[in-house]
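Trainee: Let me give you the structure first, and then I'll get to my questions.
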Amino acid sequence: IEMASNSDLDKQIEQLMKCEYIKESEVKALCDRAKEILSNENNVVKVESPLTICGDIHGQFYDLMELLKVGGECPETNYLFMGDFVDRGFYSVETFLLLLALKVRYPDRITLIRGNHESRQITQVYGFYDECLRKYGSVNVWRYCTDIFDYLALAAIIDDKIFC
């Protein structure tokens with residue numbers, strides 16, 4: 008079962024890398040798998056260098072693609088994403104789901120911490136809510152994603168020295 012779900016996940020990552028939607032049922036399944044992984048992590052996650060640190064993507068999908076190109080593909084590169092994945096940009100759904108899919112596929116190589124935009128209230132003002140409605144026609148995907156926000160770590164400590 009694990010291998011089948013990884014091949015499904017690889018297919019979804021491939022789709023998301025092309026900035027394509029995945030089905031609502033796939034979003035739900037991805038979020039369910041992410042919850043299992045994230046619920047086993049601490050609120051403050053310890054990470055080791057070498058590490059590529061990225062911040063405030065705000066739905067700028069093509070900026071994320073450039074970061075992955077310059078920084079190196081996962082799992083070869085170990086990444087820490089410092090929150091604010093959604094809102095403001097046009098591709099918050101694809102950006103967040105790609106990061107989440109990479110987290111599920113490579114849980115020890117991707118660390119996601121929660122920014123102030125990973126909040127139900129803020130996403131209703133700054134665009135993520137409306138984007139989910141526009142792209143999926145219901146609030147379900149927004150609900151699945153914002154439920155994940157509750158599971159994200161709040162901070163990271165790099166090499167027991169640097170607090171992020």
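Heads up: the sequence shown begins at 8 in our numbering, then just goes up one per residue.
Think of the CB as a built atom: it goes at the ideal place given N, C-alpha and C, for glycine as much as any other residue.
Keep in mind it's a predicted model, so treat the numbers as computed, not measured.
Tell me, please, whether the segment 15-31 touches the segment 128-136 by the rule of three or more beta-carbon pairs shorter than 8 Å.
Mentor: no
Trainee: Would you mind sorting residue 112 into buried or exposed? The rule is 16 or more other CB atoms within 10 Å of its CB.
Mentor: So residue 112 ends up on the buried side.
Trainee: Is the number of C-beta pairs between the segment 120-128 and the segment 28-44 that are closer than 8 Å three or more?
Mentor: no
Trainee: Rounded to the nearest angstrom, what separates residue 95 and residue 102 at their Cα positions?
Mentor: 12 Å
Trainee: Can you check DSSP and say which residues form a bridge with residue 59?
Mentor: 86
Trainee: Residue range of the alpha helix (DSSP H) that residue 41 falls in?
Mentor: Residues 31-45.
Trainee: Comparing C-alpha positions only, which one of 97, 93, 109 sits nearest to residue 84?
Mentor: Per the C-alpha coordinates, the member of 97, 93, 109 positioned closest to residue 84 is 109.
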